[in-house]
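Peer 1: Got a structure here, written out as structure tokens. Questions coming.
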Amino acid sequence: MSHLNTIVQYVKHQIRAYNRHGIHSPFVYAFLEDVLYADDRSEFKNLEQLKNALLNDERVIQITDLGAGSKINQNNNRLIKDIAKHSSKPSKYGRLFNRMVKYYQTEQVIELGTSLGLSSSYFAQNNPHLKVTTIEGCPETLKIATTNFEKLNLNNIRTLQGDFKDRLSEALTPRGEKEIIFFDGNHQEQATLEYFKTALKNVSSKSIFIFDDIHWSIGMTKAWNKIKGHPQTVVTLDLFFIGIVFFDERLTPQNFNIRF
Ligand SMILES: C[S@@+](CC[C@H](N)C(=O)[O-])C[C@H]1O[C@@H](n2cnc3c(N)ncnc32)[C@H](O)[C@@H]1O
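Residue numbering for the sequence shown follows our numbering, beginning at 16 and increasing consecutively.
Here's what the structure looks like:
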């Protein structure tokens, strides 16, 4: 999908999307009111300072790309500041992830795609009872992420190095744990659907899946549509840049486009 096409899709999404008004599902309304649009004054000063430092970091590392790669840069030597620029999301997503852990009393987060460790840190910060397992295929990038976790004094993050397809099964937690699985790497249709299938093996009514970049390409939109239509999927929220999936069978199956 070209950038122009992504912009057109985004505008269409914003026109169709709901905020609180018009949402009749009490579950989704509560999520919007108490989590998505919550008045959040939490302090992430150290994390945001670290992110700014990474956005100006002139060191070069050699990356191993096991995924769909960047649309921008195809060679293997990268400036850390470029990795930070292209792989990190606006802080509002990190803050949302942190609120979700608090609201749903999440016990485990599994992340596919550590990169420099920013989203793992947002999940983990001020949530000492949470365990985060994050998987990354690039050893040099993971080294920087590990240093970042140390700088932020985050002791609740475990890292696994390797290909998602080889490491995801061992990261999965026993069925029934309050878990969030964040799919944020290798944004290709078939691969995304394979990871989804693997993660479904342990899914319970308490599981929440978050998919990044669901409209990054035509293939990713197709993958997202298949995820929405899967018989185990119950409620989905399309926030355009991310998609959230709930599996609680007590809820009425529905798909929502939400403004964020
Ligand atoms: C978008 S970045 C993750 C960003 C990070 N979650 C954040 O928000 O701070 C995706 C990462 O996934 C890794 N990756 C992509 N495909 C992979 C695969 N098949 N196995 C392991 N790692 C992979 C890339 O090396 C890259 O660092």
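By construction, the Cβ of each residue, glycine as well, lies at the ideal position given by its N, Cα and C atoms.
On the CB-based measure, 16 or more other CB atoms within 10 Å of its CB, does Q29 come out buried or exposed?
Peer 2: exposed
Peer 1: May I have the straight-line CA-CA distance separating A68 from T267, to the nearest angstrom?
Peer 2: 45 angstroms
Peer 1: Apart from the five residues just before and just after A214, which ones in its own chain have a Cβ nearer than 6 angstroms to its Cβ?
Peer 2: I196
Peer 1: Let's see if you can read the secondary structure: which residues bound the alpha helix (DSSP H) around L6?
Peer 2: Given that the chain is displayed from residue 16 to residue 275, the structure contains no residue 6 and the question cannot be resolved.
Peer 1: What first and last residue would you give for the beta strand (DSSP E) that runs through K146?
Peer 2: 146 to 151
Peer 1: Can you tell which of V43, G128, F226, T251 has the C-alpha that lies nearest to the C-alpha of A160?
Peer 2: G128
Peer 1: Over what stretch of residues does the alpha helix (DSSP H) that includes F42 continue unbroken?
Peer 2: 41 to 46
Peer 1: Comparing the CB of F179 with every heavy atom of ligand 1, is any distance shorter than 6 angstroms?
Peer 2: yes
Peer 1: Under three-state DSSP, which class holds G200?
Peer 2: coil
Peer 1: What do you get for I87, buried or exposed, if any count of 16 or more other CB atoms within 10 angstroms of its CB means buried?
Peer 2: The pLDDT assigned to I87 is 49, lower than 50, so where the model puts this residue is not dependable; a value taken from the coordinates is nonetheless given after this. That one is exposed.
Peer 1: Can the beta-carbon of L277 be found less than 7 angstroms from the beta-carbon of N113?
Peer 2: No statement about residue 277 is possible, as the shown extent of the chain runs from 16 to 275 and does not include it.
Peer 1: Quickly, what does DSSP pair Y33 with across the bridge? List them, please.
Peer 2: I273
Peer 1: Measuring alpha carbon to alpha carbon, tell me which of L133, I233, A139, M115 ends up nearest V23.
Peer 2: Taking each of L133, I233, A139, M115 in turn and checking the Cα distance to V23, the smallest one comes out for I233.
Peer 1: Quick one: residues in its chain with C-beta nearer than 7 angstroms to the C-beta of K193, no 5 flanking neighbours on either side, listed in chain order?
Peer 2: Once the five neighbours on either side are set aside, the close Cβ partners of K193 are Y119, Q120, T121, E122, K221.
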